[in-house]
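Numbering (this note's numbering), first residue to last: 2 to 639.
Where a beta carbon is used, it is the ideal one built from N, C-alpha and C, also for glycine.
These notes concern the structure reproduced below.
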């Protein structure tokens, strides 16, 4: 029998019969330590089932549940168990897709019955029954045409449609009991290897993500290697519900999104508008300190410009268009075009560079209605957008300067973060291979010279250039993408941007697109959840609330209120003739940094006794001293 050579993780290279299964190699290994933890493998770096034959030389690694690969396999197999349970309880359900995702898994179903959380206990009970049966999960290979007929015969049109569009001549199917699904794998050896799971939520989802297709029902769930890890995760989910920016946005009266106005369009209420203004003022100050020039571009630009930039070819599905006096326009989804026109408005010398244009620019993008989510995914939003035009020699320093900017800002908001380089997409990009390579090398070099660790995110760059993505982590450990740094050689070429070099000749500048906070709407949503609505005092829309005990204190309280206003303190008052306990409870729900109760003692002494949001009561003090305390706390960010 023909042999192949397999190098086993942590061991020597050995010869095995061609076609041997990883599970058989595992059985032959001496000793039992750790074998029971193995659930799948990696062969020469690729995910591999324990039951998939090995037909060539390579390196074999074992995968356990406590690894990232093992967790993904566990969740993928659990999604199949959920689909099997749903099919058992609702035989008329049509199965579609069910992948593992970052926080768990989901499966989409076509079914007349409308799922509700009330269905979860039944489905979970059936899932537990399937797990208790410890059904073997087997893999088989089937030809494409045979697979199409197979799923058609089983009354699964969605699976048949998927297979019909796959180019592969053969496909892998996985079976556990009576349930069969199209899948690349790998999967657990048996259903009994699932230790802990929970169904978590429901959503609608269009078939294949296309809103022209049928709306399906999506069930989300999660799975973990231990019950303790699952309980910890479920606790985080409950905390996330408590912090949900949509809920807190209503309770704190910050914003609303009204169907009457339009899906994905944010209406800022007075406190929300003030919060955003404070952020924008902070942004302007920080940018001016770093040599940026503030600019403002129009909301619509001629369609010809969007065609020249490549947005029309690569981004038009996300754009809105209109016609004015026979001229076609595009509502801007990005701010870069006007910034290039500013650059192009006069002859530039190398001595003028770098030029850093900054705009709090409002853009509109046509996001699918099913993907809209509070402030985190909207159709109209404002970005802290900047474009730097520089010489190739200046590029490294500019990228490092932006990385320093990101570090300083994230420190102020107390956000740790990770960095990724997103490289050229497989399709739909512009520019030469040489330019993409140069741009990617520039990003990598700046990160390495700054001593920053990073991951590579293959194929996720913008259509005009690679980028550094900044993934900040909130108080619950969740990741959010906000800041990006993109190097672009293509746009300056398309718009014929130039500068006169020291040699007296024209040269092409490099363009850097970057945001620090990103979309203001998304960042505000993240801030609300990160701080659970209890904003730091410099950012709080209301810094102080004054409460009277009874009506006789109102004149003094009104005087304090006016003095605080004139000192620039953001203050509210509640002088209603209501019980003090009620007013205190209502004020606490607003998460205001300081509450000041004014009674007869405060009036007689001409003082006030502030109580911090933490519950600590400060010693009685004059108004001026309290103002200085607040100003001192706000000064921390500078």
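Contiguous beta strand (DSSP E) assignments of at least 3 residues, all confined to the stretch 426-469: 456-458
Sub-8 Å separation of residue 188 and residue 77 beta-carbons: yes
Please report how far the alpha carbon of residue 405 lies from the alpha carbon of residue 412, in whole angstroms. Annotation: residue 405 to residue 412 spans about 11 Å, alpha carbon to alpha carbon.
Is residue 132 near residue 195, with beta carbons less than 8 Å apart? Between residue 132 and residue 195, the gap from beta carbon to beta carbon is short of 8 Å.
With H, G and I counted as helix, E and B as strand and the rest as coil, what does DSSP make of residue 316? helix
Under a CB-based cut-off of 8 Å, is residue 151 close to chain C? Absent from the structure: chain C. Only one protein chain is present.
Rounded to the nearest angstrom, what separates residue 433 and residue 56 at their Cα positions? Using only the alpha carbons, I get a separation of about 39 Å.
Any idea what DSSP makes of residue 177, helix, strand or coil? Residue 177: strand per DSSP, three-state reduction.
Quick one: measure Cβ to Cβ for residue 333 and residue 302, integer angstroms, because I've assumed they're closer than 8 Å. With 8 Å as the limit, residue 333 and residue 302 qualify as a contact, their Cβ atoms being about 6 Å apart.
How would you write the range of the beta strand (DSSP E) that residue 17 sits in, first residue to last? According to the DSSP assignment, residue 17 belongs to the beta strand (DSSP E) that extends over 14-18.
By DSSP, does residue 394 sit in helix, in strand, or in coil? helix
Count Cβ pairs between the stretch 177-187 and the stretch 127-144 that sit closer than 8 Å; are there 3 or more? yes
Per DSSP, cross-strand counterpart(s) of residue 60: 8
Pairing CB atoms from the stretch 26-40 with CB atoms from the stretch 53-68, are three or more of them under 8 Å? Cβ pair count under 8 Å is three or more, so yes.
Using 8 Å as the threshold, is the C-beta distance between residue 593 and residue 612 below it? Contact check for residue 593 against residue 612 fails: the beta carbons are separated by 8 Å or more.
Buried or exposed: residue 629, going by 16 or more other Cβ atoms within 10 Å of its Cβ? exposed
Any idea which residues DSSP pairs residue 473 with across the strands? 418 and 481
Residues in its own chain within less than 8 Å of residue 10 by CB, not counting five upstream and five downstream? 60, 61, 62 and 63
Cα separation between residue 73 and residue 542? The alpha-carbon atoms of residue 73 and residue 542 are separated by roughly 42 Å.
To the nearest angstrom, how far is it from the Cα of residue 603 to the Cα of residue 636? 28 Å
According to the Cβ coordinates, are residue 500 and residue 353 closer than 8 Å? yes
Can you give me the C-alpha to C-alpha distance between residue 523 and residue 31, rounded to a whole angstrom? 54 Å
Do the stretch 81-100 and the stretch 39-53 make contact, defined as three or more Cβ pairs closer than 8 Å? no
When burial is assigned at 16 or more other CB atoms within 10 Å of the CB, is residue 286 buried or exposed? exposed
Just how far apart, CA to CA, sit residue 224 and residue 105? Distance between the alpha carbons of residue 224 and residue 105: 6 Å.
Does the stretch 251-267 come close enough to the stretch 316-336 to have 3 or more Cβ pairs within less than 8 Å? No, because fewer than three Cβ pairs between the stretch 251-267 and the stretch 316-336 fall closer than 8 Å, the two stretches do not touch.
Below 6 Å CB to CB, which residues in the same chain sit around residue 482 once its five sequence neighbours on both sides are set aside? 470 and 472
Given residue 634, which residues of its chain have a CB within under 6 Å of its CB, disregarding the five upstream and five downstream residues? 538
Beta-carbon gap between residue 127 and residue 90 smaller than 8 Å: yes
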